[in-house]
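These notes are about the structure you will find just below.
Residue numbers (our numbering): 533 to 676.
As structure tokens, this is what we get:
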């Protein structure tokens, strides 16, 4: 499970240290892709394979499925941790997420996200104000 939040700086070569507590889950490699809100989402390879199989079972001529597939797979980048526990963030991903140096890595249960730090702070401030509504909405979903 990926949980917690961690500030890490990317180095001049585009490498980012993955939090130590995330590394065991990534021994089989990982796949990163674009996610909504100019965020990079990172999946352990086994979960990526499972999600890919689920997507392959969806109607491939459905417009939403086609658009989702294009966005996700055209942005997908397979990688592995180096000996120092770092990953390379390719330039196209850094551009998408507006990352120059400072990042926030957040756990999201089965995957983690990489945010540009200032943007994370801005978005998280709004999310923290909405905590009561978020919990209420999730409670409503659990009742269904």
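Cβ coordinates follow ideal geometry from the N, Cα and C atoms, glycine included.
Please read all numbers here as calculations on a predicted model, not as lab measurements.
Under the three-state reduction of DSSP, residue 563 is assigned to strand. Selection 619, 607, 570, 580 evaluated against residue 650 yields 570 as nearest (Cα-Cα). CA-CA distance, residue 590 to residue 581, rounds to 15 Å. Distances from the CA of residue 627 to each of 664, 640, 618, 647 were compared; the closest alpha carbon is that of 647. Exclusion of the five residues before and after residue 535 leaves 639 as the residues of its chain whose Cβ lies within less than 6 Å of its Cβ. Residue 560 sits away from residue 611, with the two beta carbons spaced by 8 Å or more.
The secondary-structure analysis by DSSP pairs residue 604 with nothing; it has no beta-bridge partner. Comparing alpha carbon positions, the residue from 621, 545, 616 closest to residue 645 is 621.
Non-local beta-carbon contacts of residue 585 in its own chain, meaning distances under 7 Å to residues more than five positions away in sequence, are absent.
Under the DSSP definition of a beta bridge, residue 639 partners with 644. In the three-state DSSP reduction, residue 572 falls in the strand class (E or B).
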